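The structure appears below as structure tokens.
Chains as they are written, first to last, in my numbering: chain A, 761 to 849; chain B, 761 to 849.
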């Protein structure tokens, strides 16, 4: 797998995680703490700089209260974005 | 996250990967080779003994020709199982 595709995969995950964190009104430090990560490590995940492990992906999904599949499936992603937006109103 | 939950998460992923590999009639060595893994490393993923990385999850999905989300979403998993079964007939 070439480096560009790797970067894209990591970036998409990071952007989705960030989107949900912001919708929940949480700070990076809060998510990092509930996952047991350093804030800098968590930040680099959002920036797409990390090849996150399966278990850490689950930790983040639990902290954000979203199913893991919404990081990987577009329909699920948009469904949960909408759900969150509704809850904000 | 407790160790039992971690093990369960890794086990579910491993079982789904194995299911698709068998449906495609592929051997572990073949998938391992196309992913650039050692056969023993790939085997331990199927056994749920590895905390696989994001990029390696994608490599496996590409090798099996399934979307990554079918490892994490039950509906997607069964949908693709059925698709594969149909193709076998």
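Just so you know, even glycine gets a beta-carbon here, dropped at the ideal spot from N, CA and C.
Fair warning: this is a prediction, and the values are worked out from it, not measured in the lab.
Extent of the continuous alpha helix (DSSP H) to which residue 794 of chain B belongs: Taking the second chain and counting its residues from 1, one reaches residue 794 of chain B at position 34. Its alpha helix (DSSP H) spans residues 788-795.
Within chain A, partners of residue 811 of chain B - CB distance below 9 Å: Within the second chain, the letter at position 51 stands for residue 811 of chain B. Result: 813, 814, 815 and 816.
Under 8 Å (Cβ pairs) to chain B, residues found in the stretch 772-786 of chain A: Answer set for the stretch 772-786 of chain A: 773.
6 Å CB neighbourhood of residue 830 of chain A in its chain, flanking five on each side removed: As a working note, residue 830 of chain A is residue 70 in the first chain. Counting only Cβ-Cβ distances below 6 Å, and skipping sequence neighbours, we find 836, 837 and 840.
Buried versus exposed call for residue 848 of chain B [16 or more other C-beta atoms within 10 Å across all chains shown]: For the purposes of this step, residue 848 of chain B is taken as the residue at position 88 of the second chain. Under this definition residue 848 of chain B is an exposed residue.
Partners in chain A for residue 803 of chain B, counting only beta-carbon separations shorter than 9 Å: As a first step, residue 803 of chain B must be located in the second chain, where it is residue number 43. Going along chain A, no residue has its Cβ under 9 Å from residue 803 of chain B, so there is no contact; the nearest lies around 17 Å.
Closest by C-alpha distance to residue 793 of chain A, when choosing among A:823, A:842 and A:832: Locating residue 793 of chain A in the first chain gives position 33, counting from the first residue. The shortest C-alpha to C-alpha distance from residue 793 of chain A to any of A:823, A:842 and A:832 is the one to A:823.
Interface flag, residue 832 of chain B vs chain A, CB-CB below 8 Å: Position 72 of the second chain, counting from 1, holds the residue named residue 832 of chain B. For residue 832 of chain B, the answer is yes, since a Cβ of chain A falls inside 8 Å of its Cβ.
Inter-residue spacing [alpha-carbon to alpha-carbon] between residue 770 of chain A and residue 812 of chain A: The count along the first chain starts at 1 and reaches residue 770 of chain A at position 10. The count along the first chain starts at 1 and reaches residue 812 of chain A at position 52. Taking the straight line from one Cα to the other gives about 8 Å.
Per-residue contacts from residue 829 of chain B into chain A (C-beta, under 8 Å): As a first step, residue 829 of chain B must be located in the second chain, where it is residue number 69. The answer, in chain order, is 829, 832, 833 and 836.
Within chain A, partners of residue 819 of chain B - CB distance below 8 Å: Numbered from 1 along the second chain, position 59 holds the residue referred to as residue 819 of chain B. When 8 Å is used as the limit between beta carbons, residue 819 of chain B is near these residues of chain A: 761, in chain order.
Buried or exposed (CB count within 10 angstroms, at least 16 for buried), residue 765 of chain B: The count along the second chain starts at 1 and reaches residue 765 of chain B at position 5. Taking a 10 Å sphere around the C-beta of residue 765 of chain B, we find fewer than 16 other C-beta atoms and assign the residue as exposed.
Cutoff 8 Å; reference residue 817 of chain A; Cβ partners in own chain excluding five residues on either side: Start at 1 with the first residue of the first chain, and residue 817 of chain A comes out as number 57. Answer for residue 817 of chain A: 773, 828 and 831, listed in chain order.
Neighbour-count burial assignment, residue 810 of chain B, 16 or more Cβ in a 10 Å radius: Within the second chain, the letter at position 50 stands for residue 810 of chain B. Residue 810 of chain B is buried by the Cβ-count criterion.
Terminal residues of the alpha helix (DSSP H) in which residue 840 of chain B lies: Your numbering for residue 840 of chain B matches position 80 in the second chain. Run containing residue 840 of chain B: 834-848, per the alpha helix (DSSP H) assignment.
Neighbour list for residue 791 of chain B in chain A, Cβ cutoff strictly below 8 Å: By one-based count along the second chain, residue 791 of chain B stands at place 31. Think of a sphere of 8 Å around the beta carbon of residue 791 of chain B: no beta carbon from chain A falls inside it, the nearest being about 14 Å out.
Test item: CB-CB of residue 777 of chain A and residue 795 of chain A under 8 Å: Taking the first residue of the first chain as position 1, residue 777 of chain A is located at position 17. Taking the first residue of the first chain as position 1, residue 795 of chain A is located at position 35. Taking 8 Å as the cut-off, the beta carbon of residue 777 of chain A is found no closer than this to the beta carbon of residue 795 of chain A.
Residue from B:780, B:783 and B:802 with nearest C-alpha to residue 789 of chain B: The sequence position of residue 789 of chain B within the second chain is 29, counting from 1. Minimum Cα distance to residue 789 of chain B is reached at B:802.
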